[in-house]
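Residue numbers for the sequence shown follow the working numbering, so the first one is 1 and each next one is one higher. Quick notes on the structure that follows.
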Amino acid sequence: SCSTYTAFLCTCYAANEEACAWLLNIMSDTHKVWAETMLLKCPILDLRLCYLKIITVVFAKMAPKERSIYAVEDESLKYGLNTTAVAAATNDRRSARYCDNAVLSEA
């Protein structure tokens with residue numbers, strides 16, 4: 001069943017940082033459509049939940065190591081924004097980070 005494979009994959013990813021990095025790399029490059037397809041378009045709730053469990057484990061494993069690079073901004077995106085918008089975005093990121101920590105600690 002899906003939950004058996006999900007539990008196995010979650011155990012594997014939780015124990016292997018390199019595998020987590022690999023999954024995040026392909027999900028952000030050649031397989032970008034996975035997240036949209038699995039989380040938003042898949043009509044089978046159990047499959048969506050299984051995918052969510054796996055990526056939650058991966059994010060929980062990688063977040064402490066990669067936290068420092070999450071706030072790095074692409075310089076090319078800064079141009080054209082007013083300072084109020086930049087300040088609001090910065091505050092939103094701080095709030096999201098605290099929320100993110102709470103969610104990850106529950107995983």
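Built from N, CA and C at the ideal position, the CB exists for glycine as well. No experiment lies behind these values; they were computed from the predicted model shown.
Do cysteine 10 and lysine 53 have their CB atoms nearer than 9 angstroms? In the sequence shown, residue 10 corresponds to position 10, counting from 1. In the sequence shown, residue 53 corresponds to position 53, counting from 1. Yes, the Cβ-Cβ distance between cysteine 10 and lysine 53 is below 9 angstroms.
Quick one, which of Val58, Ser68 and Lys65 has its alpha-carbon nearest isoleucine 26's? To locate residue 26, count along the sequence shown from 1; it is residue 26. The candidate whose alpha carbon is nearest that of isoleucine 26 is Val58.
Counting C-beta neighbours from all protein chains within 10 Å, is the total for cysteine 2 16 or more, i.e. buried, or is it exposed? One-based indexing of the sequence shown puts residue 2 at position 2. Label assigned to cysteine 2: exposed.
Threonine 6 versus serine 68 - alpha carbon distance: Taking the first residue of the sequence shown as position 1, residue 6 is located at position 6. Taking the first residue of the sequence shown as position 1, residue 68 is located at position 68. Their backbone Cα atoms lie some 29 angstroms apart in a straight line.
Unbroken alpha helix (DSSP H) run spanning cysteine 42, endpoints: The residue labelled residue 42 in the question sits at position 42 within the sequence shown. Element bounds for cysteine 42: n/a, residue is neither H nor E.
Can alanine 60 be considered in contact with the ligand MN, in the sense that its beta carbon sits closer than 8 angstroms to one or more heavy atoms? Summarising the ligand content, the structure contains no ligands, and the ligand MN is consequently not present.
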